[in-house]
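Undergrad: Count the sequence shown with mature numbering (1 follows the signal peptide of the UniProt record, and there is no 0) and you get residues -20 to -1, 1 to 977, in order. No residue lacks a Cβ here, since even glycine has one placed at the ideal position from N, Cα and C.
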Amino acid sequence: MFVRICGVKLLLFIFYTTSAMSLFQNGCAYKNCPISLPDKLNVHLVPHTHDDVGWLKTVDQYYYGSKTTIQKAGVQYILDSVVDQLLRDRNRRFVYVESAFFFKWWEEQHEDLKEKVKNLVNERRLEFIGGAWSMNDEATTHYQSIIDQFAWGLKKLNDTFGKCGKPKVGWQIDTFGHSREMASLLAQMGYDGLFFARLDYQNKGKRLREKTAEMIWHASESLGETSDIFTGVLYNHYSAPPGFCFDILCNDEPIIDGKNSTENNVAERINKFLLYLDNMSTYYRTNNLMIPMGDDFTYQDANVWYKNLDKLIRYGNDKQKYGSIVNIFYSTPSCYLKSLHDSNVKWPVKTQDFLPYSTDPHSFWSGYFTSRSTLKRFERVGNHLLQVCKQLSALSMLQNQPFDNNLASLREVMGIMQHHDAITGTEKEKVAFDYSLQLYNAIEACSINVKEALKKLLKVEQTKELKDLGFQNCLNLNISACEVSEKSEKFIVTVYNPLNRLTSQYIRIPVPEGNYEVKDEKGFVISSQIVPIPVLVRKIPGRLSTAVNELVFEAKNVPSNGIISYFVSKSFGMFDDRSPKVILLRSRRDEPSSDTEFSIGNSEISLRFNQYGFLKNVTTQITGTKQLEQNFLYYEAAAGNNLEFANRSSGAYIFRPNGTEKELANKIEVKIYRGPLVEEVHQKFNDWTSQVVRIYKNVNFAEFEWLVGPIPVSDNIGKEVISRFTTNIQSSGIFYTDSNGREMVKRVRNYRDDFVPYLKELVAGNYYPITSKISLEDKENKLSILTDRAQGGGSLQDGVLELMIHRRLLHDDAFGVGEALNEMAFGEGLVTRGKHLLIFDRPSTSANILEKRIELMTLLPLWTTFSKANDLKFNNWENKMLNISLLTPLPEHIHLLTLETWSNQQLLIRFENILEKGQSIDISFDIMKLLRILNVQAYRETTLDGSSWLSDLKRLRFNYDKVNIRDAKQTNINEKDNLAPQIILKPMQIRTFMLFR
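(1) Can you name, in chain order, every residue of its own chain whose Cβ lies under 6 angstroms from the Cβ of I964, other than the five neighbours on each side?
(2) When burial is assigned at 16 or more other CB atoms within 10 Å of the CB, is T192 buried or exposed?
(3) So T812 packs on T354, CB below 8 angstroms; how close in whole Å?
(4) Any beta carbon of chain B sitting closer than 8 angstroms to that of N116?
(5) Three or more C-beta pairs closer than 8 angstroms, one from the segment 261 to 277 and one from the segment 209 to 225: is that the case here?
(6) Which stretch, first to last residue, makes up the alpha helix (DSSP H) that contains P490?
(7) Pick helix, strand or coil for P313, following the three-state DSSP scheme.
(8) Is the number of C-beta pairs between the segment 99 to 114 and the segment 124 to 135 that are closer than 8 angstroms three or more?
(9) Does the segment 153 to 165 come within contact of the segment 418 to 426, defined as at least 3 CB pairs closer than 8 angstroms?
(10) Just the Cα atoms here: how many angstroms apart are T972 and V430?
(11) Per DSSP, which residues does E880 bridge with? Please list them.
(12) Quick check: the Cα distance between W929 and T923, rounded to an integer number of angstroms?
(13) Is it buried or exposed, T278, if we count other Cβ atoms within 10 angstroms and call 16 or more buried?
(14) With distances taken from CA atoms, which of T206, N268, F176 and D290 is nearest D333?
(15) Any heavy atom of the ligand HEM closer than 7 angstroms to the beta-carbon of L975?
(16) Does DSSP put V505 in a helix, in a strand, or in coil?
(17) For G450, which of helix, strand or coil comes out of DSSP?
(18) Across which residues does DSSP place V532 in a beta bridge pair?
(19) Going by C-alpha to C-alpha distance, which of N730, P871, T242 and L936 sits closest to I907?
(20) Could you give the distance in angstroms between the alpha-carbon of T605 and the alpha-carbon of D154?
(21) How big is the Cα-Cα spacing for D557 and G655?
(22) Distance check for K20 and I305, CA to CA, integer angstroms please.
(23) From K815 to M724, what does the alpha carbon distance come to, in whole angstroms?
(24) Mapping DSSP to helix, strand and coil, what is D941?
(25) Going by beta carbon distance, what residues of the same chain come within less than 7 angstroms of F83, once the five residues before and after it are set aside?
(26) With a threshold of 7 angstroms on Cβ separation, who are the neighbours of S351 within its own chain once the five nearest residues in sequence on each side are excluded?
(27) If we call anything under 8 angstroms between Cβ atoms a contact, is F594 one with I675?
(28) With three or more C-beta pairs closer than 8 angstroms as the rule, is the segment 173 to 188 touching the segment 334 to 342?
(29) Would you call the segment 767 to 786 and the segment 383 to 400 touching, i.e. three or more CB-CB distances under 8 angstroms?
(30) What's the call for I15, buried or exposed, on a 16-neighbour Cβ count within 10 Å?
(31) Quick one: grab the DSSP three-state call for D128.
(32) Could you check if P514 is buried or exposed, using at least 16 other CB atoms within 10 Å of its CB as the buried criterion?
(33) What does the alpha-carbon distance come out to for the pair T41 and V475?
(34) Are three or more beta carbon pairs between the segment 472 to 491 and the segment 833 to 851 nearer than 8 angstroms?
(35) Quick one: what does DSSP say N288 is sitting in, helix, strand or coil?
(36) Put Y476 into one of helix, strand or coil per three-state DSSP.
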């Protein structure tokens, strides 16, 4: 039932009418499944297609089937053809995954066909598996974006098809390795199982030999059985058995059954298939086998497939007359999973992840952790705006069709961006351009919502003085450019805080030469500082900007989900004491004396640099002074012919350095800028690499803002640039990386949890995905590096962390993309700019809390908009632009993960405990005060994705091979609704609620 607020009595379905919230969630999941026979080898044939949402062609090119010279693939024809064949024969089945493609097709169909498709879904002959907007990557994606794109895809399926549209199986068949967090999220969404194809070739071989290719995955150390999910590894990739691909894209022989035909091959083909099944059965624990029958973009002429599969089933089962125990039938992954469940077999347990992925001794797929660095960053900007857009649209109640469409467009493009050939950087460059264009257009659309919401919440839409306020984005702040601040002598900076806690953050605004004054919302002048923009930043190809400086000021105490505006005006007098002091240091070749060492910092943290301008040590109040060095280096990329393993090239997927790393430069130019708010060291390593190391006033971390590119390749050698941090921490080969931005995973150099690795590539084989953080520690000290995008990294020596920040390669690695990762912009190699945040502390709960806070501020900083104000009078401005808090803050360690309008009069809200088990106890808070502000009349808890009532969720339970891995009696925290106003969150728990206005 619903929770009632303020005595308002509500009936169960008065607000929520979609059948997605049916009381019988499992009533459809395993409906009409074939019955496995106990005395037979039951063969589940699963017709499927794998349709990349962009890769060699753009999304639309794949959907419409254009550019056939690149790839013969047309998704609309697949869906047309499959539906036609399913309607011809009730025995046939098909599974489909990518909601982005399906709903593109769905909108083009007439109502009569839509009703027929709904019947196919209700009868489980057409079944959705996965069901997210795209099949997301698992190494470079952030959990917030994963949840969002699943929630949107599942919402569309539930709104369209009801309970029978809800998938119960995850289908991550083509992602390049698998993360623990992804499995945990699927479990929390109510999935019963997960199947995939790609894992380390050594791991797969061992698992098949030991019959452990199907397992129970304990996917979280904090969440207990809530995160457990049955997981299976497919036997032959996700392809049909060799020789049995019956598709217009394949060259395999059809089954020829003409009685009088000299080409009749039934006996030969069936015997070959049965031999394949007999061999496969030796590697699995039950008398059920799942055989995927499909591949990339197959079923464009489904008749070819089904005609031959019908024969395969008929003639294969005819063999039972002669003693065969093989029972072949059309099935789905869900039905296969149910058969495994009903077998009552005990299953082995898996605890860590399946990263990195390798396909041979020289092919570690750890290059894509960094590939297309700028696209990875742009995706984070898209997520940032999506959260802001969702929150402000909900809080200001923007609910008419144009605003809904704007929000939907950004949701859907962000879903596409999570695809395993999008954010990974493994697509063709023209496709990457298309992704960027789609995201830019969607950002522009949702920015309209942000603008209108701010005007509505600030009540400025009818104010004459403020009628021209634009609340414009400056998407080029990453290259220190912004048209409004550069061309206006007076302008307003409005910031929105998407975090549900008070925050203070520094704002940097590109400006031309001159003095500037900043006033807060009360009209008081606040401290500010001018810092020059580094020369290499000003020379970035394509940067059209008059800004030579950045204006720095602190947006102080911005309230939870709050808005503050600042008025900036330019003056033309002499620089005052806020102007920076500049110190020029000698270059390395001058060999200056030791007395030219220098430091920057504050009372919390300081960094000392040696006489050559390189970082030397760090001092904090907690740790004292410790060794800390940082430098840029690069690996030369292997450039083989790809004809054999030992000649594999480094490419978009593969990281394969050709020997040891090299120093980037033998000299360094340094300038220091000091002021009341920030102290900075500007380092120039060479003509294509520079860095700003800065420490702001009253912060306890350091910021390293790097710029790399265009990477020179005139020597015909590709290069992969790293930033390396060196300490004397005794880490003993152990370090930690985050799993999709959530729980940290322990890594051990040259080690795997599941098998003894044979590492011919010691560098690439020890690289892991860094979505948000990498750290190492000993008993006394801990170093953590936070990133602003996904990157690859590792610890190749004790006390040392390195992160790869940019790659420029001249050879393809022969894994399908067909071109080198040689990104160009404005006729030159691509330049990338980004940040690493450094925290040096003792290993403690307080350090973990600090890191989580900074992670959130990195992921969701203040969203900054700019408005021209040339004719604005200060008095009028002071009376209008107020400091506004829109929501009450939640308790410490509780993060408002999601707030968005879900449908008419409904909001979706998610709360998250950001700390892990051992770092936090259960945290409770009263939800009522927050809900009253939102004018909520009732609420009810849902699964993580928001598509099902949590109390209706009944997941399949499987038997463990060993119960001592974890306490078998641990409570499943998703078993029932907690309907009390007091909300309790366990460590790492996310709880989702539907709110009714």
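TA: Well, looking at it:
(1) D902 and S904
(2) buried
(3) 5 angstroms
(4) Here chain B cannot be found, since the structure has a single protein chain.
(5) yes
(6) Counting along the chain, P490 falls outside any alpha helix (DSSP H), though it belongs to the beta strand (DSSP E) covering T483 to V491.
(7) helix
(8) yes
(9) no
(10) 24 angstroms
(11) L888
(12) 6 angstroms
(13) buried
(14) F176
(15) With respect to the ligand HEM, the structure shown offers nothing to examine, as it has no ligands at all.
(16) strand
(17) coil
(18) R488 and Q509
(19) P871
(20) 47 angstroms
(21) Reliability of the predicted coordinates at D557 is poor, the pLDDT of 45 falling under 50, and no value is obtained from them.
(22) 5 angstroms
(23) 20 angstroms
(24) coil
(25) K136
(26) T404, G405, T406, A632, R787 and L801
(27) no
(28) yes
(29) no
(30) exposed
(31) helix
(32) buried
(33) Reading the sequence as shown, one finds Gln at residue 41 and not Thr. Roughly 39 angstroms separates the two Cα atoms.
(34) yes
(35) helix
(36) strand
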